[in-house]
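Participant: With my numbering applied, the sequence shown corresponds to residues 56 to 326, in that order.
By construction, the Cβ of each residue, glycine as well, lies at the ideal position given by its N, Cα and C atoms.
Since we're looking at a predicted model, the values are computed, not measured.
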Amino acid sequence: MKNWIQNEINELQKILNDIKHFEEKAPSGTLRIHNKNGKTYYYRQMKDEEGKMIQQYLPLREMNFIRILAQKSYCKKLKTKAERNLKILQQVEADYDIGWMREIYEEQEYQRKKLITPYLKPEEVVLKEWEEEKYEQNIEYPENLRYETEHGELVRSKSEVLIANMLHQKKDILLYKYERPLKLKKKGKEIEIYPDFTILNKETGRILYWEHAGMMDNISYVGNFIRKQNLYIENYLMPGRDVIFTYESSESPFDISGVKKMIHMMIDETE
Numbered sequence: 056m057k058n059w060i061q062n063e064i065n066e067l068q069k070i071l072n073d074i075k076h077f078e079e080k081a082p083s084g085t086l087r088i089h090n091k092n093g094k095t096y097y098y099r100q101m102k103d104e105e106g107k108m109i110q111q112y113l114p115l116r117e118m119n120f121i122r123i124l125a126q127k128s129y130c131k132k133l134k135t136k137a138e139r140n141l142k143i144l145q146q147v148e149a150d151y152d153i154g155w156m157r158e159i160y161e162e163q164e165y166q167r168k169k170l171i172t173p174y175l176k177p178e179e180v181v182l183k184e185w186e187e188e189k190y191e192q193n194i195e196y197p198e199n200l201r202y203e204t205e206h207g208e209l210v211r212s213k214s215e216v217l218i219a220n221m222l223h224q225k226k227d228i229l230l231y232k233y234e235r236p237l238k239l240k241k242k243g244k245e246i247e248i249y250p251d252f253t254i255l256n257k258e259t260g261r262i263l264y265w266e267h268a269g270m271m272d273n274i275s276y277v278g279n280f281i282r283k284q285n286l287y288i289e290n291y292l293m294p295g296r297d298v299i300f301t302y303e304s305s306e307s308p309f310d311i312s313g314v315k316k317m318i319h320m321m322i323d324e325t326e
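1. Is DSSP giving Y165 helix, strand or coil here?
2. Please classify Q192: does DSSP put it in a helix, a strand, or coil?
3. For the stretch 188–267, list the beta strand (DSSP E) runs that are entirely contained and at least 3 residues long, ordered along the chain.
4. Residues in its own chain within less than 6 Å of L222 by CB, not counting five upstream and five downstream?
5. Give the straight-line distance between the Cα atoms of I121 and Y112, rounded to the nearest whole angstrom.
6. Alpha carbon to alpha carbon, what distance is there between M293 and K240?
7. How far does the beta strand (DSSP E) with Y287 in it extend, from its first residue to its last?
8. Quick check: the stretch 199–218 against the stretch 171–184, are there 3 or more CB pairs under 8 Å?
9. Between the Cα of L255 and the Cα atoms of M118, K136, K69, M321, which residue gives the shortest distance?
10. Ignore the nearest five residues each way along the sequence and tell me which others in E148's own chain have a CB closer than 6 Å to its CB.
11. In chain order, which continuous runs of the beta strand (DSSP E) of length 3 or greater are located wholly inside the stretch 91–164?
12. Leaving out five residues on either side along the sequence, give the residues of the same chain with a beta carbon under 6 Å from the beta carbon of I70.
13. In angstroms with no decimal places, state the Cα-to-Cα distance between L67 and T135.
14. To the nearest angstrom, how far is it from the Cα of G243 to the Cα of R235?
15. Could you compute how far the alpha carbon of E245 sits from the alpha carbon of K80?
16. Helix, strand or coil for L86? Go by DSSP, reduced to three states.
17. Could you compute how far the alpha carbon of D1 sits from the alpha carbon of I288?
18. In terms of alpha-carbon separation, which member of M156, Q166, K131 lies closest to D73?
19. Using only CA atoms, which one of T85, E104, N199 lies nearest to Y97?
20. In or out: R99 buried (at least 16 other Cβ within 10 Å) or exposed?
21. Would you kindly work out how many angstroms separate the C-alpha atoms of Y190 and K169, rounded to a whole number?
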């Protein structure tokens with residue numbers, strides 16, 4: 056949640072900065088629009104040297120100027136709301152305790168802890184369960200498992216090696232498992248799929264999934280991949296939030312910089 060708040064703050068600050076630069080260059084006055092006999096007339100309203108309100112007719116050939124005045128009025132209203140919401144979010148960010156749920160559990164005495172089922176497991180429990188978990192990865196096409204990662208497992212493509220290695224380099228925060236089974240519902244029926252990577256954020260306890268589509272030139276492959284995307288959505292695992300999708304084709308090769316940004320986004324959740 057704190058990461059979402061910070062993203063909203065950053066977005067509002069950017070908007071307010073853009074408005075500030077716009078207002079510095081914007082002309083004086085406001086726009087008045089008058090409709091008569093099916094036609095629209097535009098006027099610039101402003102004060103003269105004596106402080107008296109006057110208006111100036113703006114012909115259609117000055118449409119660019121008209122648009123600027125319209126934008127000025129819009130930005131003024133937007134600025135008021137943005138400044139208000141920015142103050143609210145900054146206060147929430149300062150007051151919000153991201154670790155409150157775990158702290159309440161940790162405050163319990165040992166005997167009481169044994170009787171409680173926490174809504175959010177302690178970090179050490181999450182990590183212990185993750186490390187001790189045994190699973191059977193996808194057994195289809197084992198002959199394709201021929202590329203070794205820094206972590207020592209075999210994956211199905213050179214691009215997956217790069218993704219795995221970049222994740223492994225962030226093992227102080229991110230842990231991953233390759234082709235770990237995931238049970239989902241498809242039209243009410245439980246099925247099992249194998250995401251390319253299942254990623255655990257050690258500091259937040261959040262799990263994300265990463266699917267790399269490396270054969271986007273293959274029409275049959277693309278169809279299957281789209282169905283997999285829709286399956287995630289059917290189970291409320293949303294692209295960009297819960298599942299990362301990356302793509303590759305002969306014309307659009309593997310994007311290392313894009314992968315780095317994805318990993319940085321996952322790490323940002325903890326900051």
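Facilitator: On the basis of the coordinates in this document:
1. Counting from 1 along the sequence shown, the entry for residue 165 is found at position 110. Helix at Y165.
2. Taking the first residue of the sequence shown as position 1, residue 192 is located at position 137. DSSP places Q192 in coil when its eight states are reduced to three.
3. For the stretch 188–267, whole beta strand (DSSP E) runs of length 3 or above, ordered along the chain, are 229–233, 237–241, 244–248, 252–256.
4. The count along the sequence shown starts at 1 and reaches residue 222 at position 167. Its chain contains L229, Y231 as the residues whose beta carbon lies nearer than 6 Å to that of L222, once the 5 sequence neighbours on both sides are disregarded; these appear in chain order.
5. Stepping through the sequence shown from its first residue, residue 121 is reached at position 66. Stepping through the sequence shown from its first residue, residue 112 is reached at position 57. Using only the alpha carbons, I get a separation of about 10 Å.
6. Counted from its first residue, the sequence shown places residue 240 at position 185. Counted from its first residue, the sequence shown places residue 293 at position 238. Cα-Cα distance, rounded: 15 Å.
7. For the purposes of this step, residue 287 is identified with residue 232 of the sequence shown, where counting begins at 1. Y287 -> not in any beta strand (DSSP E); alpha helix (DSSP H) instead, spanning 274–289.
8. The stretch 199–218 vs the stretch 171–184: no contact.
9. Residue mapping note: residue 255 aligns to position 200 of the sequence shown, counting from 1. Looking at the Cα atoms, M321 is the closest of the given residues.
10. In the sequence shown, residue 148 corresponds to position 93, counting from 1. Non-local beta-carbon contacts of E148 in its own chain, meaning distances under 6 Å to residues more than five positions away in sequence, involve I60 in chain order.
11. 94–102, 108–113, all fully within the stretch 91–164.
12. In the sequence shown, counting from the first residue as 1, residue 70 sits at position 15. If we look at I70 and ignore the five residues flanking it on each side, its Cβ neighbours are A137.
13. In the sequence shown, residue 67 corresponds to position 12, counting from 1. In the sequence shown, residue 135 corresponds to position 80, counting from 1. C-alpha separation (whole angstroms): 11 Å.
14. For the purposes of this step, residue 243 is taken as residue 188 along the sequence shown, with counting starting at 1. For the purposes of this step, residue 235 is taken as residue 180 along the sequence shown, with counting starting at 1. Looking at the two C-alpha atoms, the distance is approximately 22 Å.
15. Here residue 245 refers to the residue found at position 190 when the sequence shown is read from its first residue. Here residue 80 refers to the residue found at position 25 when the sequence shown is read from its first residue. For E245 and K80, the gap between their C-alpha atoms comes out near 60 Å.
16. For this step, residue 86 is matched to residue 31 along the sequence shown. Residue state for L86 is assigned as strand, using DSSP reduced to three classes.
17. Since the displayed the chain opens at 56 and closes at 326, residue 1 lies outside it and no answer follows.
18. Residue numbering aside, residue 73 sits at position 18 when the sequence shown is read from its first letter. Taking only the C-alpha atoms, the option nearest D73 is K131.
19. On the sequence shown, residue 97 is found 42 positions in, with the first residue counted as 1. Comparing alpha carbon positions, the residue from T85, E104, N199 closest to Y97 is T85.
20. In the sequence shown, residue 99 corresponds to position 44, counting from 1. By the beta-carbon neighbour count (other beta carbons within 10 angstroms, threshold 16), R99 is buried.
21. As a working mapping, residue 190 is identified with position 135 in the sequence shown. As a working mapping, residue 169 is identified with position 114 in the sequence shown. One C-alpha to the other measures close to 27 Å.
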